[in-house]
Amino acid sequence: MTGKCPKEMAVIGGGFVGLQTAVLAALSGVRQVIIVDIDPRVVDKINNTKDPAELHVKEKLIQENWSKVKDKMKATTDYKDASHVDVYMVSVQTPLLGDHVDYTPLLKVGESLGRIVDKGNLVISETTIYPGGTVSLLGRRISETSGLSLGSGGILLAHSPERVNPGSEWTAEKIPRVVGGIDIASRDAAVQIIRDCFGLTVFPVDDIRVAEASKLLENTFRLVNISLVNELQRRLDRKGINIRKVIEAASTKPFGYMPFWPGPGAGGSCLPKDARMLEEFTGSLLLRIAREINESQPLYYAARILREARKRNARRVLFYGLGYKPDTPYLVESPILHLIEELSILDPTLEIAKQDPLIPQMSDFDNIKDAIEWADLVLVWGKPPEGLTPEKMIDLRVF
C-alpha cells in the first residue's frame with residue numbers, strides 16, 4: 001500500500017460503471033489501474049483514446065478528468081495481466097434478456113479470477129445482484145476454481161453496490177456507498193479501499209445480503225412509484241383529469257410525499273432488472289404488477305401519439321432523443337425504442353424516423369435540419385433541437 005491506496009488495483013469491466021470506478025481510483029492515488037474487459041473494442045478505446053469525447057462512456061467524472069488519469073490506465077482482455085494485484089473491483093453487467101436476468105458474466109468473472117487470485121486478495125463486487133448472489137455466483141466460483149476459502153484466511157469478498165446515475169451532477173465521488181462483506185475482515189478491508197482510499201462516505205452493514213438488497217430496494221422503490229403514477233395517468237386521463245396537475249398539487253405537502261412523474265416507461269439497465277430480481281427473490285405480487293404496468297406503458301403512449309398524429313394529419317413522425325433517460329447516449333432498455341416499436345405495429349402506414357446527436361449510429365439523417373424538414377410531427381425526448389417550432393413538436397417529458 002502507498003498511503004491509503006494500493007499502488008495498483010484491477011477493475012473487471014470497462015463499461016459505464018467500471019470505467020468510472022477506474023477513474024475514481026486513479027484520481028484517489030492508485031498509480032496504475034488495470035482494466036480487464038472481454039471486448040477488444042473497449043480495451044482499444046481505453047488504451048488509445050486521447051479525446052474523452054470519443055470514449056464509449058460520456059459521464060462527467062471521466063470527461064473532465066481523462067487527461068489526468070489516462071496514463072494510469074491499462075486495459076486488457078487477459079486476466080493474467082492483473083494477476084499480481086491485491087485488490088479487484090468487479091463492475092460487470094448482468095443484463096436483462098427477455099424475461100430473465102443473465103448471470104453468466106458474473107460467473108465467468110468468478111472463474112477467471114479464480115485462476116489468478118492469491119490468499120489474502122480482496123474482491124469487491126459493485127455488480128447489482130439478488131441477496132446472496134455475490135457469494136453463490138461470484139464467490140463460490142472463485143473458491144472452486146482457486147481452491148481457496150472465502151473470508152479471513154482465504155479470499156476476502158465484499159459487496160458495495162454501484163450508485164452511478166447517468167447524466168447527473170451526482171458523480172461517483174459524491175455518492176455515499178453501502179459496504180458489506182462475507183465476514184468482518186472482508187467488510188473492513190473493503191471499507192479501507194472505498195472510504196480511506198477513494199474518500200467516499202461509507203455505511204458499513206453487518207450482512208453482505210443487506211448491502212445487496214439495499215440496491216434492489218433503491219431502484220424498486222422508483223419503479224413502483226413510477227408505475228403507480230403511470231397507471232393513474234391512464235385511469236385519470238379517461239376522466240379528464242390531468243395527472244401532472246394532481247402531482248403538482250400533492251407536492252405542496254411538505255412532508256410524507258415525494259413526487260414521481262409519468263412517462264413512456266422506466267428503462268435502463270437497473271430499474272426493470274432490479275425489480276425483477278427482487279420479485280423473484282421475494283415472490284412479491286406488488287413488484288410483478290408494477291413491472292407489468294411498466295412494460296405496457298410504451299403501448300399506452302403509442303396509442304396517445306397515434307391519436308395526436310391523426311388529429312394533426314401527420315404521416316411522417318420523427319423521434320428526437322433515443323436514450324433511456326433524456327439527453328443521455330445510453331440505449332439499454334430504452335422505453336423510446338419500445339415506443340417506436342409499438343407505434344409501428346399500431347399503424348404500419350406511418351413513416352417513422354429516429355434522430356439523436358448523442359447516438360449518431362441510430363440516426364436516420366445526417367443532420368437535425370434535414371430531419372425536422374422531413375417530419376410532420378417531432379416527438380422530443382430531452383432538450384428540443386434548435387429550429388423546431390412548438391406547432392410541430394410533442395415534448396414526451398410532459399405529454
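Just so we're aligned: 95 in the numbering used here is position 95 of the sequence shown, and the numbers increase by one with no gaps anywhere.
Every residue gets a Cβ at the ideal spot worked out from N, C-alpha and C, and that includes glycine.
Residue burial classification, residue i (beta-carbon count within 10 angstroms, cutoff 16)
i: Val42; result: buried
i: Tyr301; result: buried
i: Pro357; result: exposed
i: Trp66; result: buried
i: Ile449; result: Past the boundaries of the shown model lies residue 449; the chain is included only from 1 to 399, so the question cannot be answered.
i: Tyr257; result: exposed
i: Phe255; result: exposed
i: Asn325; result: Looking at the sequence provided, one finds Lys at residue 325 rather than Asn. Answer is buried; the Cβ neighbour count reaches 16.
i: Thr94; result: buried
i: Ser251; result: exposed
i: Lys273; result: buried
i: Leu404; result: Lying outside 1 to 399, the shown extent of the chain, residue 404 is not represented and no answer is given.
i: Gly181; result: buried
i: Pro6; result: buried
i: Ser168; result: exposed
i: Asn48; result: exposed
i: Pro40; result: exposed
i: Ala25; result: buried
i: Pro405; result: Outside the modelled stretch of the chain, which goes from 1 to 399, sits residue 405, for which no answer is possible.
i: Val109; result: buried
i: Val90; result: buried
i: His338; result: buried
i: Leu217; result: exposed
i: Arg276; result: buried
i: Gly18; result: buried
i: Asn367; result: exposed
Length of the line joining the Cα atoms of residue i and residue j
i: Thr2; j: Ile116; result: At Thr2, the pLDDT of 44 sits below 50, so the modelled position is not reliable; the number obtained from the coordinates is stated separately. Going by the C-alpha atoms only, they are around 23 Å apart.
i: Thr282; j: Val57; result: 34 Å
i: Leu388; j: Gly323; result: 20 Å
i: Val135; j: Leu107; result: 11 Å
i: Ser363; j: Gly199; result: 40 Å
i: Pro390; j: Lys245; result: 21 Å
i: Glu308; j: Lys215; result: 39 Å
i: Trp170; j: Glu59; result: 11 Å
i: Leu148; j: Pro348; result: 59 Å
i: Cys212; j: Val317; result: This sequence places Glu at residue 212; Cys is not what is there. So the alpha carbons of these two residues sit roughly 43 Å apart.
i: Arg11; j: Gly382; result: The question names Arg, but residue 11 in the sequence shown is Val. Distance between the alpha carbons of Val11 and Gly382: 33 Å.
i: Pro384; j: Lys354; result: 14 Å
i: Gln20; j: Leu61; result: 7 Å
i: Gly14; j: Leu287; result: 31 Å
i: Val202; j: Arg304; result: 45 Å
i: Ala371; j: Leu396; result: 18 Å
i: Glu373; j: Ile226; result: 35 Å
i: Pro298; j: Lys68; result: 42 Å
i: Val361; j: Val178; result: Here residue 361 is Gln; the residue named in the question, Val, does not match the sequence. Those two C-alpha atoms are separated by around 37 Å.
i: Asp207; j: Leu97; result: 29 Å
i: Glu64; j: Pro52; result: 8 Å
i: Gly114; j: Ile394; result: 53 Å
i: Pro262; j: Gln233; result: 7 Å
i: Leu379; j: Asp327; result: 14 Å
i: Ala413; j: Arg195; result: For residue 413 there is no data in the structure shown, the boundaries of the chain being 1 and 399.
i: Asp99; j: Lys239; result: 34 Å
i: Asn121; j: Leu228; result: 45 Å
i: Val101; j: Leu278; result: 11 Å
i: Lys74; j: Glu173; result: 21 Å
Integer Cβ distance of residue i from residue j, believed to fall under 8 Å
i: Ile247; j: Pro259; result: 5 Å
i: Leu223; j: Ala189; result: Actually they are not in contact, since the Cβ atoms of Leu223 and Ala189 sit about 33 Å apart, beyond 8 Å.
i: Leu424; j: Arg312; result: Missing from the structure shown is residue 424; the chain here goes from 1 to 399 and no further.
i: Ile352; j: Leu343; result: 6 Å
i: Tyr103; j: Leu137; result: 6 Å
i: Glu111; j: Thr145; result: 5 Å
i: Gly151; j: Asp183; result: 4 Å
i: Val123; j: Tyr88; result: 5 Å
i: Gly267; j: Glu333; result: 4 Å
i: Val85; j: Glu8; result: 5 Å
i: Cys270; j: Asn219; result: 5 Å
i: Pro204; j: Arg187; result: 6 Å
i: Gly29; j: Cys197; result: 7 Å
The ligand FMN heavy atom lying under 7 Å from the CB of residue i
i: Ile142; result: With respect to the ligand FMN, the structure offers nothing, as it holds no ligand at all.
Meets three-Cβ-pair contact criterion under 8 Å: the stretch 119-135 and the stretch 157-166: The count of Cβ pairs closer than 8 Å, one atom from the stretch 119-135 and one from the stretch 157-166, reaches three, so the stretches are in contact.
Runs of beta strand (DSSP E) wholly within the stretch 187-240 (minimum 3 residues, chain order): Those beta strand (DSSP E) runs which fall completely within the stretch 187-240 and span 3+ residues are 202-204.
Sequence ranges, beta strand (DSSP E) only - wholly within the stretch 251-335, length at least 3: The qualifying runs are 316-320.
Runs of alpha helix (DSSP H) lying entirely within the stretch 41-116, each at least 4 residues, in chain order: Counting whole runs of 4 or more residues, the stretch 41-116 contains the alpha helix (DSSP H) stretches 60-69, 104-114.
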